[in-house]
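Structure record follows, encoded as structure tokens.
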């Protein structure tokens, strides 16, 4: 075993983020943009956390989405900033909910509605393939699942792809009857 030299952090040393690296493009292997839970812990939040606290927390952490877990650590859904918007919360308050009683579990996208890609698929796909899939499905993010072991291995989001590649990327979700009814009644 050897001892490595330590260096002082200089004023010119700066923090880098994945979006600072320009090497990725639409032909880059898809796995390079997956937030792989085998290598980094997922962003999680408890389902019974107040929504208003979650919004402030996510803004402070510069986080766009979090996996929602129950008291046993089981995945029950996913929450994104769009579900925590002031408009969404105000709509709930207008329907009689007390603002401080609205929980993440009230606003999250439940597990049953989440979509996933197989990890094995991504091993031979490009980012362009993932973008096409997200656009075709109207999903702005999806989980990555190892089908043989049934492990939720990661998450990939259109916003992360757009930020990393420095390209605009719009995902248009096909409106459902409920979305149309909701917008008419607002």
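Residue numbers (my numbering): 1 to 186. For glycine and all other residues, C-beta sits at the position ideal for the given N, C-alpha and C.
Problem - Where residue 178 falls: helix, strand or coil (DSSP) - result: For residue 178, the predicted structure reports a pLDDT of 48, less than 50, and the residue's modelled location is therefore unreliable. The matter cannot be settled from this model.
Practice task
Drop a sphere of 10 angstroms on the beta-carbon of residue 1, count the other beta-carbons inside from all chains shown, and report buried for 16 or more, exposed for fewer.
Solution key: exposed
Problem - Residue environment, residue 157, which counts as buried when at least 16 other CB atoms sit within 10 Å - result: buried
Exercise for the section: Give every residue of the same chain whose Cβ lies closer than 8 Å to the Cβ of residue 28, excluding the five residues on either side of it in the sequence, and list them in chain order. Expected result: 126 and 127
Practice task
Can you grab the Cα-Cα spacing for the pair residue 225 / residue 129, in whole Å?
Solution key: Summary: the structure shown does not reach residue 225, with the chain confined to residues 1 through 186, and so no result is reported for it.
Problem - Within 7 Å, strictly: CB atoms of residue 84 and residue 54 - result: yes
Exercise for the section: Starting from the C-beta of residue 35, find all residues in its chain whose C-beta is less than 6 Å away, skip the five residues before and the five after it, and write them out in chain order. Expected result: 154 and 155
Practice task
Provide the residue span of the alpha helix (DSSP H) that contains residue 120, from first to last.
Solution key: 119-122
Exercise for the section: Determine, using beta-carbon pairs with one atom in the segment 93-108 and one in the segment 136-150, whether at least three such pairs fall under 8 Å. Expected result: no
Exercise for the section: Give the straight-line distance between the Cα atoms of residue 199 and residue 47, rounded to the nearest whole angstrom. Expected result: As displayed, the chain neither begins before 1 nor continues past 186, which places residue 199 out of reach and without an answer.
Problem - Counterpart residues of residue 141 in DSSP-defined beta bridges - result: 157
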